[in-house]
Amino acid sequence: MGGADTLRRATRLSGRRVTLKRFVLLAVLPALLSHAPPARAQAGDPARGEVLFRACKGCHQVGAEARNGVGPHLDGLFGRQAGVLEGFKYSGAMKTRGTDGLVWDAVTLDRYLEKPRAYVPGTRMSFLGMRERQDRVDLIAYLKALSREAPAADPQAGTQVRAEIGAAAMRLEGDPEYGEYLSSECVTCHQISGRADGIPSIVGWPGQAFIRALFEYKTNVRTHQVMQNMTTNLGNEEIAALAAYFGTLDPQ
Amino acid sequence: MSDISRRTFALMMGAGATTLAMPHYARAQGKPRAVVIGGGAGGATAARYMAKDAGEDLDVTLIEANPRYTTCFFSNLYLGGYRSFESLTHGYDTLAANYGITVVNGRADAIDREAREVVMADGSRVPYDRLIVAPGIDLIYDSVPGYSQEAAGIMPHAWKAGPQTKLLKAGLDAIENGQQVVMVTPPNPYRCPPGPYERASMMAHLFKEKGYTDCRIVIIDPKPKFSKQALFAEGWETYYPGMIEWYGPDVHGGITGVNPQTGEVETDLDTFRGDLVNVIPAQKAGSIAASAGLTNDSGFCPIDPASMRSQVDGNIFVIGDASIAGDMPKSGFSANSQAKVAAMVIRGELTGSKVFPAKYSNTCWSLIETNDGVKVGAQYAPTGEKIASTGSFISQTGEDAALRQATYEESVGWYKGITADIFGA
């Protein structure tokens, strides 16, 4: 009995630690790390960059198996024109920057990562930015080490998701009409244009990533009071419908 | 009726002697007409959703007296110096141009429920099949003895955003170190429950920024407790020690009067003198709701919780601050949420579109000090009796700075989101 209780507590605690690490600590991680001794070389430290990349992992994949998710995959990033990966729904702003000549390299990435919404106003990426230059240098070093010359073979294959979360909803075919009705509750905060101004863009996500995110709020894996409250009354059918509807929209 | 005959019909009517009587707004015969009175968070949202979702099947008219709308929500942030007045102001051009809504810039004087027509101040009439009444609040000036519409020129209420907000801001900007502001806050129910206390926070922030920490803000409250009280109390203690004093009725014993000439607020306990006095009186539904007989003894409008339909008239829906919305607070978010339900039901009745079960939600964010935002919110569903809360949340005392900053940034994002949802983008 006592053993089982202890175990349950330990599991809950570790679950909570994971939650914190993923969704709260991540936001402040760059700042924490910047207090490390300043004796590092000016060149980037990919190992430190890998730790920093945890803040990006929820949306971006990098490496040979990388796929598009909520954000575009980052394989073959260096030298690529902005906003051109097939199968990813970029904001109009990002596509325009690309056709205007923005190409990702260490310099442009550094500026984008510092303040994404200042460098590409209208970007869908809901990341506020990385203030410390060394953080950006290290992250870029990591991306460079992992990102290969050629993009992954099948970037449209969809995100790999943990099967147990939201599996039933993922098997349903969502009704976009029902989703459109339900969406009226979402778009009071999340702009239908796909713009992210302090509240994440939820337009054009892969369906499975959308469903998984809502279930993570529903099951308190993700902690956000409004979203946890919003998802309380959403069942599988509702979540599948919302995913279907928002998936049909194109960001402006 | 063909296009040509429609046009001819309109021309004939336009040329006729009855022009002044009504036909200016008369639309093609046969097309159902939805009319909205009031272009705020509720009314403009309802007009936009009906027009957006019904397209050509529905004729949507929005009646609003002001050519531009200033949001009451976030107006405290203008008082605190965080936002410009212009950033709170929105026009109706997008609703007219992108959604085909007929925007009538004029004042609705009365509702002829028998004839199903809105009577405008200029005597013209706007016919409707379904009407949404979203007039917001009217202030009951004499709920505070000695207060009046004239007195509001000296003791601004600033509870309807616009010139009053600017007047209060000018008064705050003129305050010098060591001076005192007195706030008289309203009894329940009123628009924006945490609003007065966020406002006190913004006043203190403004003074503190100037180094005027000897200023005092005295709140005379007719209520024994208020929204987010623990959160505000904690914030005031942390950021503005000694600057904000709150007196509930068990301490001041009752507000017996205000004197605009002397700047005094009299209570049973004492007379408080303010170098600036902000009186927020009791409230009721906008006057057109009462004159149309849509209100009850409470001064607000009873509705059917599943549709926002008036309990008095089946062709009329009342949304936003003017309605009795059960557990929902009077807020721009609530009005926006109720508008979507009413719009869906009306569209269903007039065009045969699918009607889904009603769902409502609300979140109210408040700013206590720079990057320290808090929130309270809930979801709601209709029961037989009222719109009832099905789950709620509130920020906690002692939250870390990163979470509070995230909450503030989220509120800024919400403002952009909801104003795009109300006025189109």
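In the order they appear, the protein sequences are chains G and A.
In terms of this note's numbering, the first sequence opens at residue 20 and continues consecutively.
In terms of this note's numbering, the second sequence opens at residue 864 and continues consecutively.
Glycine included, each C-beta is placed from N, C-alpha and C at the ideal position.
query                                                                                                                                                                                                                   : result
Hey, would you say serine 166 (chain G) sits closer than 7 Å to leucine 71 (chain G), going by beta carbons?                                                                                                            : no
List, in chain order, every chain A residue whose beta-carbon is nearer than 8 Å to that of glutamate 196 (chain G).                                                                                                    : Lys1217
So which of G:Leu128, G:Pro65 and G:Leu162 has the shortest CA-CA distance to alanine 83 (chain G)?                                                                                                                     : G:Leu162
Report yes or no: do the region 987-998 of chain A and the region 1102-1113 of chain A share at least 3 C-beta pairs separated by less than 8 Å?                                                                        : no
I'd like to know if asparagine 248 (chain G) contacts chain A, where contact means its C-beta is closer than 7 Å to some C-beta of that chain.                                                                          : yes
Give the list of continuous beta strand (DSSP E) stretches no shorter than 3 residues that lie fully inside the region 102-144 of chain G.                                                                              : none
Measure the CB-CB distance between proline 65 (chain G) and alanine 164 (chain G) and report whether it falls below 7 Å.                                                                                                : yes
According to DSSP, is isoleucine 995 (chain A) part of a helix, a strand, or is it coil?                                                                                                                                : strand
Among G:His79, G:Gly217, G:Gly198 and G:Ile184, which has the Cα closest to the Cα of isoleucine 258 (chain G)?                                                                                                         : G:Gly198
How do the region 1211-1226 of chain A and the region 1183-1194 of chain A stand: do at least 3 beta-carbon pairs fall below 8 Å, yes or no?                                                                            : yes
From A:Arg993, A:Ser1011, A:Thr924 and A:Ile1000, pick the residue whose C-alpha is nearest to that of asparagine 968 (chain A); which is it?                                                                           : A:Thr924
Whether or not the region 246-265 of chain G and the region 106-115 of chain G are in contact is what I'm after, with contact meaning three or more pairs of Cβ atoms, one per stretch, closer than 8 Å; do they touch? : no
Assess contact between the region 1117-1133 of chain A and the region 1159-1178 of chain A, defined as three or more Cβ pairs (one per stretch) separated by less than 8 Å. Is contact present?                         : no
Alpha carbon to alpha carbon, how far is alanine 262 (chain G) from histidine 229 (chain G)? Give it in angstroms, no decimals.                                                                                         : It is worth fixing the name first, because residue 229 (chain G) is phenylalanine in this sequence and not histidine. When rounded, the distance between both Cα atoms is 6 Å.
Cα-Cα, which of A:Lys1071, A:Pro1049 and A:Glu980 is closest to arginine 896 (chain A)?                                                                                                                                 : A:Glu980
Listing by chain order, which chain A residues have their CB less than 9 Å from the CB of threonine 127 (chain G)?                                                                                                      : Chain A residues near threonine 127 (chain G): none, gap ~25 Å exceeds 9 Å.
Determine the direct distance from the alpha carbon of tyrosine 109 (chain G) to that of aspartate 124 (chain G), and round the result to whole angstroms.                                                              : 19 Å
Just the C-alpha distance for glycine 1116 (chain A) and proline 1059 (chain A), rounded to the nearest angstrom, thanks.                                                                                               : 20 Å
Between the region 899-912 of chain A and the region 925-938 of chain A, do three or more beta carbon pairs fall short of 8 Å?                                                                                          : yes
Would you tell me roughly how many angstroms separate the C-alpha atoms of histidine 243 (chain G) and serine 1064 (chain A), rounded to the nearest one?                                                               : 25 Å
With 16 as the cutoff for other CB atoms within 10 Å, does alanine 50 (chain G) come out buried or exposed?                                                                                                             : Residue placement at alanine 50 (chain G) cannot be trusted, given a pLDDT of 44 that sits under 50; the coordinates are not used to answer.
Quickly, what does DSSP pair tyrosine 932 (chain A) with across the bridge? List them, please.                                                                                                                          : A:His953
In chain A, what lies closer than 7 Å to glycine 217 (chain G) by C-beta?                                                                                                                                               : Glu1272, Glu1273, Val1275 and Gly1276
For serine 1154 (chain A), report the span of its alpha helix (DSSP H) as first-last.                                                                                                                                   : 1150-1154
Which partner residues does isoleucine 1250 (chain A) have in the DSSP bridge list?                                                                                                                                     : A:Pro1245
On the premise that isoleucine 1017 (chain A) lies in contact with proline 1144 (chain A), defined as a C-beta separation below 8 Å, what is that separation, rounded to the nearest angstrom?                          : So it is not a contact: roughly 14 Å between Cβ atoms.
Can we say the region 911-920 of chain A touches the region 1201-1215 of chain A, given the rule of at least three CB pairs closer than 8 Å?                                                                            : yes
What number of angstroms, rounded off, separates the C-alpha of isoleucine 1179 (chain A) from the C-alpha of isoleucine 221 (chain G)?                                                                                 : 35 Å
From alanine 1244 (chain A) to arginine 1172 (chain A), what distance separates their C-alpha atoms?                                                                                                                    : 15 Å
Taking 7 Å as the CB-CB limit, is glycine 1261 (chain A) close to chain G?                                                                                                                                              : no
List the DSSP bridge partners of isoleucine 1179 (chain A).                                                                                                                                                             : A:Leu994
Tell me, please, whether the CB atom of threonine 238 (chain G) is closer than 7 Å to any CB atom in chain A?                                                                                                           : no
Taking the alpha carbon of valine 1175 (chain A) as the reference point, which residue from A:Gly1009, A:Leu942 and A:Ala1155 has its own alpha carbon closest?                                                         : A:Ala1155
Give the residues of chain B in contact with threonine 118 (chain G), contact being defined as C-beta atoms less than 9 Å apart.                                                                                        : Considering every chain present, this structure includes no chain B. Its protein chains are G and A.
Considering only the beta carbon of each residue, do threonine 1158 (chain A) and alanine 1148 (chain A) sit closer than 7 Å?                                                                                           : yes
Alpha carbon to alpha carbon, how far is isoleucine 1281 (chain A) from leucine 921 (chain A)? Give it in angstroms, no decimals.                                                                                       : 24 Å
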